[in-house]
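S.K.:
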Amino acid sequence: MSSTGPSPMSAVPASSGRGSGRSTNFILELQSMMFSLGDARRPLHESAILVEDIVHTQLINLLQQASEVSQMRGARVISAEDLIFLMRKDKKKLRRLLKYMFFRDYKSKVVKGIDEDDLLEDKFSSSTNKRQKTAQDFLTSIDQTGELLALFEDDEIDDVKQERMERAERQARVMDSAQYAEFSESRQLSFCKYCVKFLLSKVVFFKLVVVKKQIHLMPKQGKNVIYA
């Protein structure tokens, strides 16, 4: 790996998504994430745009499906139950989601100053483990075999994550201290750090799509009236 190339976090002019007419806001972050996952030290700007378009499309599809599920159960907003329902047939994705909910609860308890000895106790307490309790209650209502509930106690290694860690370790072997510091910083980046910015830019677009789909024609006094 070259040590003379510019950092992926160096200034890159903003661009637009491919033919979508929307501004691209995450090129710098995506270039760093791609670098941390094995790409060149400075991934192509066009590649970062393509990745953002893919993430955008996947997020919109996920939100649309979750919205349909929430409407089926009579809810007005999307909740964790809708995402769990969508991932119920993919145990790897569901396991990652449950672990994410666990760590969110864990972080909340740390922030609130709960004693360390009590952090892992009372795992499904509704007061200190709200997300896990929500997930367990919902899975209990739909899981007839117990396979999904077993994921709460499943410590199986995530093959994808393991492969990424091994690849990162191989990359780090040939780095000097300055390169490794940059590489380590890139590995810490995620959309979670920019969740407000990310959700505002993507969910606003999603709302426009949903409203457009909900507009339809209804006969009224012999005329077609458009309503939302």
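Going by our numbering, the sequence shown opens with residue 17, and the numbers climb by one from there. Note that CB positions come from ideal geometry on N, CA and C, so glycine has one too. For clarity, every value in this text was computed on a predicted model and none was experimentally measured.
#1: So is Phe101 buried or exposed if we call it buried at 16+ other beta carbons inside 10 Å?
#2: Which of helix, strand or coil does DSSP assign to Ala82?
#3: Taking Cβ to Cβ, would you say Leu113 is nearer than 9 Å to Ala82?
#4: Under 9 Å, do Arg183 and Leu53 count as touching if we go by C-beta distance?
#5: Buried or exposed: which applies to Ala188, given that a residue is buried once 16 or more other Cβ atoms fall within 10 Å of its Cβ?
#6: Compute the Euclidean distance between the alpha carbons of Asp192 and Glu201, then round it to the nearest angstrom.
#7: Kindly list the residues whose CB is nearer than 8 Å to the CB of Thr156, restricted to its own chain and excluding five residues on each side of it in sequence; keep chain order.
#8: So for Glu163, helix, strand or coil by DSSP?
#9: Secondary structure at Val246, three-state DSSP: helix, strand or coil?
#10: How long is the line joining the alpha carbons of Gly162 and Leu44, rounded to whole angstroms?
#11: Considering Lys109, what are the terminal residues of the alpha helix (DSSP H) in which it resides?
#12: I need the straight-line Cα distance from Phe154 to Ser63, nearest angstrom please.
#13: With H, G and I counted as helix, E and B as strand and the rest as coil, what does DSSP make of Gln204?
#14: Return the chain-ordered list of same chain residues with a C-beta closer than 6 Å to the C-beta of Ala96, the five sequence neighbours on each side being excluded.
#15: Taking DSSP as the reference, what is the three-state secondary structure of Ile65?
#16: Give the secondary structure of Arg180 by DSSP, where H, G and I count as helix, E and B as strand, and everything else as coil.
#17: Give the straight-line distance between the Cα atoms of Lys146 and Asp174, rounded to the nearest whole angstrom.
M.R.: Answer, in terms of the structure:
#1: buried
#2: helix
#3: no
#4: yes
#5: exposed
#6: 14 Å
#7: Leu165
#8: coil
#9: In the structure displayed, the chain extends from 17 to 244; residue 246 sits before or after that span and is not available.
#10: 43 Å
#11: Lys107 to Lys128
#12: 39 Å
#13: coil
#14: Thr150
#15: helix
#16: helix
#17: 25 Å
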